[in-house]
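A.B. asks: Chains as they are written, first to last, in this note's numbering: chain A, 38 to 272; chain B, 38 to 272.
By construction, the Cβ of each residue, glycine as well, lies at the ideal position given by its N, Cα and C atoms.
Since this is a predicted model, take the numbers as computed values, not measurements.
Number of protein chains: 2
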Amino acid sequence: MIVSPLLMSLHTTVIEPRLTRSQAREFDRVDSQDSRVIVAGFGRVGQIVGRVLRMRRIPFTALESSVAQVDVVRRFGTKVYYGDASRLEVLQAAGAARAEVFVLAVEDVEASVRTAELVRRHFPHLKIMARARNRQHAIRLMDLGVRYLIRETYLSSLDLAQHTLEALGLTHNDAVESIRRFDVHDRKQLHVQREIRDDEQKLIQSTQQAARELEQLFESDTESTQAQQRRAEAS
Amino acid sequence: MIVSPLLMSLHTTVIEPRLTRSQAREFDRVDSQDSRVIVAGFGRVGQIVGRVLRMRRIPFTALESSVAQVDVVRRFGTKVYYGDASRLEVLQAAGAARAEVFVLAVEDVEASVRTAELVRRHFPHLKIMARARNRQHAIRLMDLGVRYLIRETYLSSLDLAQHTLEALGLTHNDAVESIRRFDVHDRKQLHVQREIRDDEQKLIQSTQQAARELEQLFESDTESTQAQQRRAEAS
Numbered sequence: 038m039i040v041s042p043l044l045m046s047l048h049t050t051v052i053e054p055r056l057t058r059s060q061a062r063e064f065d066r067v068d069s070q071d072s073r074v075i076v077a078g079f080g081r082v083g084q085i086v087g088r089v090l091r092m093r094r095i096p097f098t099a100l101e102s103s104v105a106q107v108d109v110v111r112r113f114g115t116k117v118y119y120g121d122a123s124r125l126e127v128l129q130a131a132g133a134a135r136a137e138v139f140v141l142a143v144e145d146v147e148a149s150v151r152t153a154e155l156v157r158r159h160f161p162h163l164k165i166m167a168r169a170r171n172r173q174h175a176i177r178l179m180d181l182g183v184r185y186l187i188r189e190t191y192l193s194s195l196d197l198a199q200h201t202l203e204a205l206g207l208t209h210n211d212a213v214e215s216i217r218r219f220d221v222h223d224r225k226q227l228h229v230q231r232e233i234r235d236d237e238q239k240l241i242q243s244t245q246q247a248a249r250e251l252e253q254l255f256e257s258d259t260e261s262t263q264a265q266q267r268r269a270e271a272s
Numbered sequence: 038m039i040v041s042p043l044l045m046s047l048h049t050t051v052i053e054p055r056l057t058r059s060q061a062r063e064f065d066r067v068d069s070q071d072s073r074v075i076v077a078g079f080g081r082v083g084q085i086v087g088r089v090l091r092m093r094r095i096p097f098t099a100l101e102s103s104v105a106q107v108d109v110v111r112r113f114g115t116k117v118y119y120g121d122a123s124r125l126e127v128l129q130a131a132g133a134a135r136a137e138v139f140v141l142a143v144e145d146v147e148a149s150v151r152t153a154e155l156v157r158r159h160f161p162h163l164k165i166m167a168r169a170r171n172r173q174h175a176i177r178l179m180d181l182g183v184r185y186l187i188r189e190t191y192l193s194s195l196d197l198a199q200h201t202l203e204a205l206g207l208t209h210n211d212a213v214e215s216i217r218r219f220d221v222h223d224r225k226q227l228h229v230q231r232e233i234r235d236d237e238q239k240l241i242q243s244t245q246q247a248a249r250e251l252e253q254l255f256e257s258d259t260e261s262t263q264a265q266q267r268r269a270e271a272s
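(1) The ligand MG and residue 125/A: does the residue's C-beta get closer than 8 Å to at least one heavy atom of that ligand?
(2) Can you tell me whether residue 256/A is buried or exposed, with buried defined as 16 or more other CB within 10 angstroms of its CB?
(3) What residues from the region 105-137 of chain B come within 7 Å of chain A, judged by C-beta to C-beta, listed N to C?
(4) Which residue comes first and which comes last in the beta strand (DSSP E) that contains residue 98/A?
(5) Quick one: is residue 208/B buried, meaning 16 or more other Cβ sit within 10 Å of its Cβ, or exposed?
(6) Measure the CB-CB distance between residue 197/B and residue 166/A and report whether it falls below 9 Å.
(7) Let me confirm a value: residue 199/A is counted as buried when at least 16 other C-beta atoms fall within 10 Å, else exposed. Which label applies?
(8) Under 7 Å Cβ-Cβ, which residues of chain B neighbour residue 198/A?
(9) Would you kindly check if the distance between the Cβ of residue 138/B and the Cβ of residue 100/B is under 9 Å?
(10) With distances taken Cα to Cα, identify the nearest neighbour of residue 201/A among 67/B, 89/B, 65/B and 72/B.
(11) For residue 164/A, go through chain B and note every residue whose CB falls closer than 8 Å to its CB, in chain order.
(12) Going by beta-carbon coordinates alone, are residue 62/A and residue 97/A separated by less than 9 Å?
(13) Out of 162/B, 144/B, 184/B and 157/B, point me to the one whose CA is closest to residue 171/B's CA.
(14) Taking only beta-carbon atoms, is residue 223/A less than 9 Å away from chain B?
(15) Given that residue 82/B touches chain A, what residues does it touch there, using C-beta distances under 8 Å?
(16) Taking Cβ to Cβ, would you say residue 190/A is nearer than 9 Å to residue 81/B?
(17) Mind listing, in chain order, the continuous alpha helix (DSSP H) runs of no fewer than 4 residues lying wholly within the region 135-175 of chain B?
(18) At the level of alpha carbons, what is the spacing between residue 246/A and residue 104/A?
(19) What is the DSSP secondary structure of residue 62/B, counted as helix, strand or coil?
(20) Return the residue from the list 183/B, 125/B, 162/B and 211/B that minimises the CA-CA distance to residue 142/B.
(21) Check residue 181/B in the structure and name its three-state DSSP category.
(22) Which bits of chain A does residue 147/B rub up against, with CB to CB less than 8 Å?
(23) Are three or more beta carbon pairs between the region 235-250 of chain B and the region 119-135 of chain A nearer than 8 Å?
(24) Is residue 242/A helix, strand or coil by DSSP?
(25) Does the beta carbon of residue 251/B sit closer than 9 Å to a beta carbon anywhere in chain A?
(26) Using alpha carbons as the reference points, say which of 173/B, 174/B and 128/B lies closest to residue 160/B.
(27) For residue 169/A, collect the residues of the same chain with a Cβ closer than 6 Å to its Cβ; drop the 5 residues on either side in sequence, then sort them by chain order.
(28) Leaving out five residues before and five after residue 226/B in sequence, what residues of the same chain have Cβ atoms less than 6 Å from its Cβ?
(29) Closer than 9 Å, CB to CB, is residue 161/B near chain A or not?
(30) Residue ranges of each alpha helix (DSSP H) run of no fewer than 4 residues wholly in the region 199-259 of chain B, ordered along the chain?
(31) In the DSSP output, what is residue 192/B paired with across the bridge?
(32) DSSP three-state label for residue 67/B, please.
(33) If distances are taken between C-alpha atoms only, which option among 244/B, 146/B, 117/B and 150/B comes closest to residue 222/B?
(34) Out of curiosity, what's the CA-to-CA distance linking residue 210/B and residue 64/B?
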């Protein structure tokens with residue numbers, strides 16, 4: 038009994054891609070060759086990008102490597118092709134040679150990195166705009182020279198933090214300014230971590246130091262604000 | 038050979054929580070009872086919130102139900118307790134009765150909903166600020182009356198879409214305005230979908246209609262801008 042949910046997951050995650058490639062659905066033939074954008078990965082992130090592009094009537098080709106996901110999205114009226122964007126022939130069929138922008142919205146980290154490598158090697162003219170799972174993934178994509186990347190839960194986390202500060206009684210402006218400073222500091226920190234990524238001891242030191250810096254940022258700010266207030270009161 | 042990665046995943050996802058509960062590490066005793074905030078779930082999202090709170094020197098208690106995650110985060114110097122926030126005794130020990138804000142940053146959808154229910158029932162004074170995985174999860178949390186929620190990949194997706202528009206040649210202001218309108222429309226759509234969630238046919242119709250509305254939003258805008266320009270040129 039304990040085995041059955043497991044077998045299901047074995048079926049969908051391991052057997053299907055390995056054993057059924059020959060008899061399963063073949064990759065779709067892509068018929069639109071005039072797309073300015075290729076959206077690779079049509080999950081939560083890719084779908085938002087696709088809807089924005091459709092809103093602005095910008096032609097795009099969406100590729101998704103999960104059959105189930107393709108079928109769901111199609112049921113809701115969006116054109117998306119079943120295909121693995123980390124395979125050269127799929128990219129060629131999707132019109133990568135003529136597109137301008139490549140939106141890398143693949144959820145799986147290894148597939149994302151493989152795809153970025155392939156695009157950089159064979160279609161260096163494409164501007165890669167990438168979704169990253171976390172800091173480590175972001176650093177690997179930076180190394181591959183993607184044009185833009187965003188950590189997938191980063192901005193929602195900042196929004197959640199900002200609203201938490203407001204729920205605790207901070208003014209809206211104070212909360213927004215706190216998040217702005219945190220953001221600047223965090224993005225810098227990502228570049229620092231990129232340099233020392235292979236040295237865990239240094240990473241730990243750097244993280245602890247960054248936390249202290251963040252605290253000091255606000256302490257010195259509070260002090261200088263108070264000093265300004267004192268000066269204003271004294272004058 | 039094909040079985041071995043599977044057995045590993047069986048071990049970590051099924052056997053471990055079921056069989057080792059008795060002999061595994063017991064939940065930590067929480068010693069800080071003066072926290073204004075409880076952060077439940079200390080993964081990618083919870084950690085950002087925790088770092089922002091620490092930056093502003095606001096005391097919080099972080100709970101995480103994965104031992105491995107707790108150990109990693111502690112190695113980097115953050116205080117986080119091993120405990121399952123969907124259990125009443127853990128919430129009591131974490132000082133839920135005296136806290137003000139409950140940040141629900143648990144990644145697993147079912148654990149998140151269970152925790153929200155528990156907090157609403159036993160600690161109705163707590164302001165719940167929640168991370169949602171997707172639209173369906175967001176709707177379930179709305180039904181439970183959480184104070185604030187954000188879909189975890191939503192804002193990064195909007196940022197990715199905005200930068201994609203700019204990479205295609207739209208001006209920064211035009212791209213930002215496109216995203217602003219999309220956002221307003223999408224949040225409205227979420228409330229519409231909440232009303233008809235159990236009727237797939239209606240959901241499909243509503244989604245297709247929403248896509249048409251979005252396109253028309255920009256068409257009529259372009260027309261009215263052109264009309265204004267014509268009037269300006271004629272005058």
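C.D. replies: Concretely, from the data shown:
(1) The ligand MG is not part of the structure shown, which contains no ligands of any sort.
(2) With a threshold of 16 other beta carbon atoms within 10 Å, residue 256/A falls short and is exposed.
(3) Across the region 105-137 of chain B, CB contacts with chain A closer than 7 Å involve 112, 113, 114 and 137, in sequence order along the chain.
(4) Residues 97-101.
(5) Counting Cβ neighbours within 10 Å, residue 208/B comes out exposed, since fewer than 16 surround it.
(6) Less than 9 Å separates the beta-carbon of residue 197/B from that of residue 166/A.
(7) Taking all protein chains shown into account, residue 199/A has 16 or more neighbouring C-beta atoms within 10 Å of its C-beta and is therefore buried.
(8) Result: 85, 86 and 89.
(9) Residue 100/B is not a Cβ neighbour of residue 138/B, given a cutoff of 9 Å.
(10) Among 67/B, 89/B, 65/B and 72/B, the Cα nearest to that of residue 201/A is on 89/B.
(11) The answer, in chain order, is 204.
(12) No.
(13) In this structure, 144/B is the residue among 162/B, 144/B, 184/B and 157/B with its C-alpha nearest to the C-alpha of residue 171/B.
(14) Using beta-carbon distances, residue 223/A counts as an interface residue toward chain B, with a partner under 9 Å.
(15) In chain order: 190, 193, 194 and 197.
(16) Their beta carbons are under 9 Å apart, which means residue 190/A touches residue 81/B by this criterion.
(17) Listed in chain order, the alpha helix (DSSP H) runs fully inside the region 135-175 of chain B are 146-159, counting runs of at least 4 residues.
(18) Taking the straight line joining both Cα atoms gives about 46 Å.
(19) In the structure shown, residue 62/B sits in coil (DSSP, three-state: anything other than H, G, I, E or B).
(20) If we check each option's Cα against that of residue 142/B, 183/B comes out closest.
(21) The answer is coil: DSSP assigns residue 181/B none of H, G, I, E or B.
(22) For residue 147/B, none of the residues of chain A pass the 8 Å Cβ criterion, the least Cβ distance being about 14 Å.
(23) Segment contact: the region 235-250 of chain B against the region 119-135 of chain A, fewer than three CB-CB distances shorter than 8 Å; contact not assigned.
(24) It is helical.
(25) The beta carbon of residue 251/B falls within 9 Å of a beta carbon belonging to chain A, placing the residue at that interface.
(26) The residue with the shortest Cα to Cα distance from residue 160/B is 128/B.
(27) Hits under 6 Å: 175, 178, 186 and 188.
(28) Hits under 6 Å: 247.
(29) False, the Cβ-Cβ gap to chain A never drops below 9 Å.
(30) Correct list: 209-232.
(31) According to DSSP, residue 192/B shares a beta bridge with no other residue.
(32) It is coil, neither helix nor strand.
(33) Closest option to residue 222/B, judged by alpha-carbon separation, among 244/B, 146/B, 117/B and 150/B: 244/B.
(34) Residue 210/B and residue 64/B: Cα-Cα distance of roughly 51 Å.
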